[in-house]
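Structure, as structure tokens:
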Amino acid sequence: MLPSRLSSFVRRCASTSARNSFVDRLRNELAEIEAAGTYKNERVIASPQGAKISVNGDTVLNFCANNYLGLSNHPAVEKAAADTLKERGFGLSSVRFICGTQDIHKQLEDAISAFHGTEDTILYPSCFDANAGLFEAVLNKEDAIITDELNHASIIDGIRLCKAERHRFKHMDMNDLEQKLKDTQHCRTRLIATDGLFIDECHATGFFGPTGRGSDEYCGINGKVDVINSTLGKALGGSTGGYTTGRKEVVDLLRQRSRPYLFSNSLGPSVVGASLKVFEMLTESSEFVDKIRANTHHFRDRMTAAGYTLKGSRDHPIAPVMLGDARLASELADDMLKRGIYVIGFSYPCGKARGVIN
Numbered sequence: 181m182l183p184s185r186l187s188s189f190v191r192r193c194a195s196t197s198a199r200n201s202f203v204d205r206l207r208n209e210l211a212e213i214e215a216a217g218t219y220k221n222e223r224v225i226a227s228p229q230g231a232k233i234s235v236n237g238d239t240v241l242n243f244c245a246n247n248y249l250g251l252s253n254h255p256a257v258e259k260a261a262a263d264t265l266k267e268r269g270f271g272l273s274s275v276r277f278i279c280g281t282q283d284i285h286k287q288l289e290d291a292i293s294a295f296h297g298t299e300d301t302i303l304y305p306s307c308f309d310a311n312a313g314l315f316e317a318v319l320n321k322e323d324a325i326i327t328d329e330l331n332h333a334s335i336i337d338g339i340r341l342c343k344a345e346r347h348r349f350k351h352m353d354m355n356d357l358e359q360k361l362k363d364t365q366h367c368r369t370r371l372i373a374t375d376g377l378f379i380d381e382c383h384a385t386g387f388f389g390p391t392g393r394g395s396d397e398y399c400g401i402n403g404k405v406d407v408i409n410s411t412l413g414k415a416l417g418g419s420t421g422g423y424t425t426g427r428k429e430v431v432d433l434l435r436q437r438s439r440p441y442l443f444s445n446s447l448g449p450s451v452v453g454a455s456l457k458v459f460e461m462l463t464e465s466s467e468f469v470d471k472i473r474a475n476t477h478h479f480r481d482r483m484t485a486a487g488y489t490l491k492g493s494r495d496h497p498i499a500p501v502m503l504g505d506a507r508l509a510s511e512l513a514d515d516m517l518k519r520g521i522y523v524i525g526f527s528y529p530c531g532k533a534r535g536v537i538n
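Take 181 as the starting number for the sequence shown in our numbering and just add one per residue.
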């Protein structure tokens with residue numbers, strides 16, 4: 181009886197007029213995105229990730245990947261991935277707490293903890309999942325989250341899932357942050373969340389700071405941050421995977437409550453094996469960090485001398501070239517591709533664009 185009633189319900193809901201109205205609305209929204217000059221087209225790369233890549237049959241210089249240290253196609257990393265694939269298989273077809281934890285997963289968590297100087301680490305499929313799974317697991321309505329107004333979408337989404345009070349402070353405005361701290365003194369726990377001091381370290385781990393340990397090292401506050409979230413998918417080989425590292429009690433609670441961890445499959449063995457190799461390489465030598473720092477200073481100095489306005493820290497390889505218009509940023513990126521330089525125009529919000537050369 182139920183299947184026939186359900187079928188009848190679906191037929192009524194899927195009327196032609198309702199479906200057409202839905203599709204028309206989507207078309208209108210897409211047209212608005214295109215009119216604003218912010219429609220995203222995916223360029224297709226027909227080569228490994230690297231300084232030079234193949235696009236539309238041409239070899240171009242890649243100025244916008246997150247492959248900060250050149251490890252995405254490093255022979256030693258590729259070999260570690262291939263060796264682990266052969267020894268441990270392609271996947272585990274399981275979440276961690278059922279039968280998805282190999283010894284190498286625990287070894288990688290230990291290696292990450294040693295790298296950051298923290299007590300424990302928990303792996304996720306991505307840093308988006310790490311951010312989405314943190315706040316709800318460790319905070320409730322008795323607590324407060326104080327978040328930078330320009331935080332990454334994954335932090336925003338993670339905060340939305342949490343019942344704690346939510347307060348936003350102006351971007352990098354310490355006076356406003358201090359006021360928000362005063363306003364939330366009645367709360368049991370207050371957690372400050374910001375891209376790169378909660379800390380989300382996706383664009384810092386492996387290359388920012390004197391030895392590449394990230395923003396806390398760069399700012400000289402090692403050991404004073406309770407929770408660090410970062411990714412394996414950028415400087416650390418560029419494949420996939422994220423993690424939370426910090427106090428043991430935080431990590432223990434995340435293993436019990438964090439939904440993205442509990443209900444997502446384990447990282448593939450080849451990713452784990454390659455990541456172990458990456459941390460070994462970064463621990464043994466400062467060569468990669470020294471090189472990216474020198475390249476960053478050289479690029480920023482030459483661009484400034486050429487008359488361009490670059491934002492951000494002089495020590496950070498993300499070098500936004502400010503243009504002020506979304507459409508101009510997109511058109512300039514297309515023109516540069518024709519000249520053999522691969523960059524992408526970024527815009528947020530509409531009309532306030534930045535051409536980002538990474």
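Just so it is clear, CB atoms sit at the ideal spot from N, CA and C, and this is done for glycine as well.
Counted within 10 angstroms of its Cβ, other Cβ atoms place residue i as buried (16 or more) or exposed
i       : result
His-478 : exposed
Gly-453 : buried
Thr-369 : exposed
Gln-282 : buried
Asp-587 : Because the chain is modelled from 181 through 538, residue 587 falls outside the range shown and cannot be assessed.
Ser-197 : exposed
Ile-316 : The residue you asked about is not Ile; residue 316 is Glu in the sequence shown. Buried, because 16 or more other Cβ atoms sit within 10 Å of the Cβ of Glu-316.
Lys-457 : buried
Ala-231 : exposed
Tyr-522 : buried
Leu-241 : exposed
Asn-200 : exposed
Leu-416 : buried
Arg-480 : buried
Phe-388 : buried
Asn-475 : exposed
Gly-535 : Annotation note: pLDDT 45 at Gly-535 (below 50); position unreliable, no value reported.
Asn-208 : exposed
Ala-533 : Its pLDDT being 43, under 50, Ala-533 is placed unreliably by the model, and nothing is read from it.
Asp-396 : buried
Pro-390 : exposed
Assigned secondary structure, residue i (DSSP; H/G/I helix, E/B strand, else coil)
i       : result
Glu-381 : coil
Ala-499 : strand
Glu-345 : strand
Arg-370 : strand
Phe-277 : helix
Leu-272 : coil
Leu-517 : helix
Ile-401 : coil
Leu-490 : strand
Arg-534 : Confidence in Arg-534 is poor, its pLDDT being 46 and thus under 50, which makes the residue's placement unreliable; the coordinate value appears in the next sentence. Correct three-state label for Arg-534: strand.
Glu-464 : helix
Gly-418 : coil
Run of the beta strand (DSSP E) containing residue i, from where it starts to where it stops
i       : result
Glu-267 : No beta strand (DSSP E) contains Glu-267, which is instead part of the alpha helix (DSSP H) from 255–268.
Thr-301 : 300–304
Ile-326 : 324–328
Val-240 : 238–242
Lys-232 : 232–235
CA nearest to the CA of residue i, picked from the options
i       : options                            : result
Arg-439 : Val-318, Gly-269, Ile-498          : Val-318
Gly-386 : Ser-410, Asp-406, Ala-260          : Ser-410
Ser-446 : Gly-271, Met-483, Lys-518, Gly-487 : Gly-271
Thr-374 : His-366, Lys-350, Asp-363, Gln-365 : Lys-350
Asp-495 : Ser-510, Thr-298, Ile-472          : Ile-472
Asp-309 : Ser-465, Glu-214, Asp-337          : Asp-337
Phe-459 : Ser-273, Ala-256, Leu-330, Leu-490 : Ala-256
Asp-514 : Ile-372, Lys-220, Leu-433, Ala-215 : Lys-220
Asn-402 : Ser-184, Glu-467, Ala-294          : Ala-294
Ile-225 : Ser-274, Gly-237, Ala-216          : Gly-237
Ser-527 : Arg-507, Glu-329, Leu-512, Ser-306 : Arg-507
Ser-520 : Glu-214, Asp-356, Ile-233          : It is Gly, not Ser, that sits at residue 520 in the sequence shown. It is Ile-233.
Range of the contiguous alpha helix (DSSP H) that encloses residue i
i       : result
Thr-411 : That residue, Thr-411, is in no alpha helix (DSSP H); its beta strand (DSSP E) goes 407–411.
Ser-395 : 395–398
Ile-472 : 467–485
Gly-525 : Here Gly-525 belongs to no alpha helix (DSSP H); instead the beta strand (DSSP E) covers 524–527.
Leu-361 : 354–363
Gln-287 : 283–296
Gly-504 : It is not in any alpha helix (DSSP H) - Gly-504 carries neither H nor E in the DSSP assignment.
Asp-337 : 333–340
Val-224 : No alpha helix (DSSP H) holds Val-224; DSSP gives it neither H nor E.
Leu-249 : No alpha helix (DSSP H) contains Leu-249, which DSSP labels as neither H nor E.
Asp-204 : 196–215
Gly-313 : 307–318
Can you give, in chain order, each stretch of the alpha helix (DSSP H) that sits fully within the segment 423–459 and has at least 4 residues?
428–437, 439–442, all fully within the segment 423–459.
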